[in-house]
Every structure is written in C-alpha cells, then in structure tokens.
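Student:
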Amino acid sequence: MSIPNAQRVRTVLTGVKPTGKPHLGNYLGAMLPALELARSHRALLFIADYHALTDLEEARTVRAETYEVAAAWLAAGLDPENVTFYRQSDIPEVFELFWLLSCATPKGMMNRAHAYKAMVEANIQLKRDPDYGVGMGLFAYPVLMASDILLFDVDVVPVGRDQSQHVEMARDIAQRFNNEVGDVLKVPELVLAAEPEPVLGLDGRKMSKSYDNTIPLFASRDELWRLLRRYKTDSSAADAPKDPDANGLFRIYAAFAAPADVVATRAALAAGALTWGGLKERTLEALDAVLAPLRQRYQALLEDKPQIDRILADGARRARPFAEATMRRVRRAVGVGV
Ligand code: TRP
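Here this note's numbering is used: the first residue of the sequence shown is 308, the next is one more, and so on.
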C-alpha cells in the first residue's frame with residue numbers, strides 16, 4: 308500500500324512475548340492484523356524476551372522460543388526492510404528509561420494491574436501470604452512495557468483486550484513523567500485491535516494453548532489432517548442442510564480459501580450438499596495451499612539461526628538511534644549526565 312502523504316506516516320509499535328509455536332488463532336487474530344497495519348505505518352515490532360523472564364524458569368527456553376517466534380513472523384510475511392524487527396534485550400536504553408519511569412509510577416497504580424491482582428487474589432483464596440510467588444519483575448511488568456513504548460515516539464499501540472490496561476498505564480506514566488520534568492515523552496494512543504471473531508479450537512472453545520485445542524500454524528499436512536479430523540462438529544445427516552457457522556470450521560476454511568470457493572462452499576453446506584467431513588477435506592486443502600510455503604520458510608529459517616540473528620541485530624541497529632535520542636532528551640530533563 309502506498310502512503311499518499313509523507314506527513315501522515317505514523318509510528319506503530321507492538322511487542323510479542325516469545326512463547327512457543329504460534330497457532331491459527333495467533334496467525335489470524337494477531338499476526339495478520341499487525342502485518343497489515345505495518346504496511347501503512349512506520350512500524351516497530353520486537354520480541355519481548357525480558358518480559359518472558361518475569362518467571363526465571365523461562366531462562367531454559369527463552370532463547371529457543373525467541374528463534375521460533377522470530378522465524379514465525381518472518382515466515383508469515385514480516386519484511387524486515389519495512390518493519391524494524393528486534394529483540395527487546397538488544398536495546399539497553401529500555402532499562403535506563405525503565406528506572407526513571409519506575410520513579411514516576413505510583414505503587415498503587417501497579418497494585419491495580421490485572422496480572423498482579425489476579426495472583427494476589429488467588430493467594431488470598433488459598434490463605435497464603437498475598438504476595439506469595441510475586442517477583443518485582445511481575446509487579447513492574449507494566450513499567451517495562453511503558454518503557455518499550457515511550458522510547459520510540461510511538462503514535463499507536465495496537466493490542467488485544469488483555470493488554471489494553473498496560474497501554475493505558477503507559478499513557479498515564481508518560482503524562483506523569485512529563486508533568487514532573489517537562490514535555491519529553493510522546494503520549495501514545497491505544498488502539499484496541501479490532502478483535503476479530505475468535506478462532507475456535509478443536510473442542511469448540513476459543514483456540515488457546517491453555518485449552519490444548521490448537522492447530523499449530525506450522526503443522527505438517529499429515530498433522531493438519533489428523534487435527535482437522537478431530538475438529539468437533541455435530542452429527543447431522545450427510546444430506547441435511549447445515550449452518551456454516553454452527554462451529555468454527557467454516558471460519559477457518561474461509562480465512563484461507565479463495566473467495567469464490569468460500570461462496571460455493573457456504574451454499575453447499577446450506578443446501579445439504581456437503582458433509583462436515585467434506586468441509587474438513589476442503590479446509591485441509593485450503594490450509595495446506597497457503598501454509599505449505601510458510602512452513603518451508605519457517606523450517607529454513609530455523610535451520611539458519613545466524614540469519615535470524617543478523618535480521619534482529621540489524622533491526623536493533625536501526626532502532627537504537629531513536630532510543631538513544633530519547634534517552635539524551637530524558638537524561639537532560641532529569642539532570643543526570645552531562
Ligand atoms: N505484554 C505484551 C504481551 O504479553 C507484550 C509486550 C511487551 C508489548 N512490551 C510491549 C505489547 C509493548 C505492546 C507494546 O502480549
């Protein structure tokens with residue numbers, strides 16, 4: 308997409324935690340929309356590896372998962388020429404700003420953060436110390452996120468509902484900081500990612516790792532078929548008219564098939580001319596046609612980790628001058644350094 312007026316170029320930034328292999332729900336609900344936004348913005352996308360480490364158990368897996376997530380985004384179409392794609396941990400300024408933002412953040416604001424509050428409430432239920440198992444990393448998670456955002460003069464931060472409180476907090480923290488030391492941080496807008504209908508998993512609930520009902524984005528064709536066969540559908544007679552939206556299968560099919568095929572398949576289901584099993588076969592073909600090349604790119608990237616390292620290092624090289632400029636401004640405003 309071309310941008311008609313250079314002045315309209317706005318900055319979009321989002322972070323993704325390195326948590327294993329993406330599934331179709333991640334792809335349709337988060338990755339494709341983010342890649343679409345990146346076409347019309349100056350775009351930064353980073354792997355929030357330090358956010359993953361609020362639980363140090365992750366230290367064993369974070370490196371491998373960082374490669375997997377990076378390979379997934381690149382395979383899905385992220386063009387590192389157009390999107391500044393980097394590891395959070397390659398931008399040390401994130402942590403300089405983190406400290407100063409912590410000083411502008413009331414502890415009471417963090418007490419209200421959903422993830423922390425949920426842990427405290429669970430502890431109270433179990434009659435444990437309210438802060439049992441709560442590290443300072445978990446407590447300060449929203450401040451680190453504010454730092455990711457505020458370093459880069461970001462206009463919009465598209466996130467799902469689960470992260471919107473964090474972005475609100477980043478705005479609040481930026482305003483407090485500016486009130487104290489002068490107008491040095493750009494206050495971003497929150498853009499609630501238009502939540503598409505959730506993609507439903509094998510059991511009919513929202514597709515999610517925690518329900519163990521996912522179809523992995525990079526599953527082999529055989530694996531796709533094995534999973535699709537398990538996809539829950541009703542047992543209506545072969546020639547009974549079927550509501551295409553009675554389960555989540557058609558939605559998945561429609562996201563991958565050609566528009567004309569989608570129309571024909573919807574009509575065939577409604578007319579009782581297609582079984583659920585038949586829809587599963589069509590879905591396999593539609594998925595495999597789109598995903599086979601992605602799968603190949605993904606495998607090739609994972610077999611060439613130095614290439615991923617080069618891409619991420621190049622992203623960090625491009626991102627850092629902005630971060631450094633922000634920190635120069637901020638350090639001057641707070642009176643540290645020369
Ligand atoms: N907390 C986000 C998540 O769990 C990831 C994230 C880290 C992020 N820093 C960010 C998202 C900054 C947007 C902006 O999904």
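Built from N, CA and C at the ideal position, the CB exists for glycine as well.
CB-CB under 6 Å to residue 488, same chain, minus the five flanking residues each way: which ones, in chain order?
Tutor: Correct list, in chain order: 640 and 641.
Student: To the nearest angstrom, report how far apart residue 635 and residue 481 are at their CA atoms.
Tutor: Rounded to whole angstroms, residue 635 to residue 481 spans 16 Å at the Cα level.
Student: Starting from residue 322 and walking both ways along the beta strand (DSSP E), at which residues does that stretch end?
Tutor: Note, residue 322: beta strand (DSSP E), 318 to 323.
Student: Around the Cβ of residue 343, are there at least 16 other Cβ atoms within 10 angstroms (buried) or fewer (exposed)?
Tutor: It is exposed - the Cβ of residue 343 has fewer than 16 other Cβ atoms within 10 Å.
Student: Under the criterion of a Cβ to heavy atom distance below 6 Å, does residue 438 qualify as lining the ligand TRP?
Tutor: Result no, Cβ not under 6 Å from the ligand TRP.
Student: Check whether the Cβ of residue 470 lies closer than 6 Å to any heavy atom of the ligand TRP, and answer yes or no.
Tutor: Answer for residue 470: yes, Cβ within range of the ligand TRP.
Student: State the DSSP-derived secondary structure class of residue 587, mapped to helix, strand or coil.
Tutor: Residue state, collapsed to three classes: helix.
Student: In whole angstroms, give me the CA-to-CA distance for residue 454 and residue 406.
Tutor: Going from the Cα of residue 454 to the Cα of residue 406 covers about 9 Å.
Student: Going by CA-CA distance only, name the one from 333, 357 and 320 that's closest to residue 348.
Tutor: Per the Cα distances, 320.
Student: Inspect the CB distances between the region 573 to 584 and the region 536 to 551 and report whether three or more fall short of 8 Å.
Tutor: Short answer: they touch.
Student: Use the C-beta contact count for residue 509: other C-beta atoms within 10 angstroms, 16 or more gives buried, fewer gives exposed.
Tutor: Answer is buried; the Cβ neighbour count reaches 16.
Student: If you draw a straight line from the alpha carbon of residue 333 to that of residue 587, how long is it in whole angstroms?
Tutor: Taking the straight line joining both Cα atoms gives about 20 Å.
Student: Candidates 410, 362 and 567: which alpha carbon is nearest residue 445's?
Tutor: Checked all of 410, 362 and 567; the closest Cα to residue 445 is 362.
Student: Quick check on DSSP: helix, strand or coil for residue 393?
Tutor: Residue state, collapsed to three classes: strand.
Student: Excluding sequence positions up to five away, which residues of its chain have a Cβ less than 8 Å from the Cβ of residue 479?
Tutor: Cβ neighbours of residue 479 beyond the five flanking positions: 416.
Student: Considering only residues of the region 570 to 642, which uninterrupted alpha helix (DSSP H) runs meet the minimum length of 4 residues and lie entirely inside it, listed in chain order?
Tutor: For the region 570 to 642, whole alpha helix (DSSP H) runs of length 4 or above, ordered along the chain, are 583 to 609 and 612 to 641.
Student: Tell me whether residue 455 counts as near the ligand TRP, meaning its Cβ is closer than 6 Å to at least one heavy atom of that ligand.
Tutor: Within the cutoff, so yes.
Student: Note the first and the last residue of the continuous alpha helix (DSSP H) segment covering residue 447.
Tutor: Residue 447 -> alpha helix (DSSP H) spans 443 to 457.
Student: CB-CB under 6 Å to residue 513, same chain, minus the five flanking residues each way: which ones, in chain order?
Tutor: Answer for residue 513: 505, listed in chain order.
Student: Check whether the Cβ atoms of residue 328 and residue 375 sit closer than 7 Å, and answer yes or no.
Tutor: Against a cut-off of 7 Å, the Cβ pair of residue 375 and residue 328 comes out as a contact.
Student: Can you give the Cα-Cα distance for residue 462 and residue 456, rounded to whole angstroms?
Tutor: When rounded, the distance between both Cα atoms is 9 Å.
Student: Quick check on this structure: which residue in 518, 359 and 524 has the alpha carbon closest to the alpha carbon of residue 451?
Tutor: Answer by Cα proximity: 359.
Student: Based on the DSSP output, what are the partners of residue 496 in its beta bridges?
Tutor: 463.
Student: Using only CA atoms, which one of 511, 382 and 492 lies nearest to residue 556?
Tutor: If we check each option's Cα against that of residue 556, 511 comes out closest.
Student: Considering only heavy atoms of the ligand TRP, does any lie closer than 6 Å to the CB of residue 417?
Tutor: No, the beta carbon of residue 417 sits no closer than 6 Å to any heavy atom of the ligand TRP.
Student: Which whole-angstrom value describes the C-beta separation of residue 549 and residue 576, a residue pair presumed to lie in contact below a C-beta threshold of 8 Å?
Tutor: That pair is a contact at about 4 Å.
Student: Under 8 Å Cβ to Cβ from residue 312, same chain only, skipping five residues before and after it: list those, please.
Tutor: Bear in mind that the predicted position of residue 312 carries a pLDDT of just 48, short of 50, making it unreliable; the figure below should be weighed with that in mind. Nothing listed; no residue qualifies.
Student: May I ask you to check if the CB of residue 422 is nearer than 6 Å to at least one heavy atom of the ligand TRP?
Tutor: Residue 422: no, Cβ never under 6 Å from the ligand TRP.
Student: When we look at the beta-carbon of residue 322 and count the other beta-carbons within 10 Å, is it buried (16 or more) or exposed?
Tutor: Result: buried.
Student: Measuring only from the beta carbon, is residue 322 closer than 6 Å to any heavy atom that is part of the ligand TRP?
Tutor: Under cutoff, so the answer is yes.
Student: Going by DSSP, what residues sit across from residue 468 in a beta bridge?
Tutor: Note: residue 468 sits in no beta bridge, so no partner.
Student: What does DSSP give as the partner residue(s) for residue 513 in the beta ladder?
Tutor: Per DSSP, 507.
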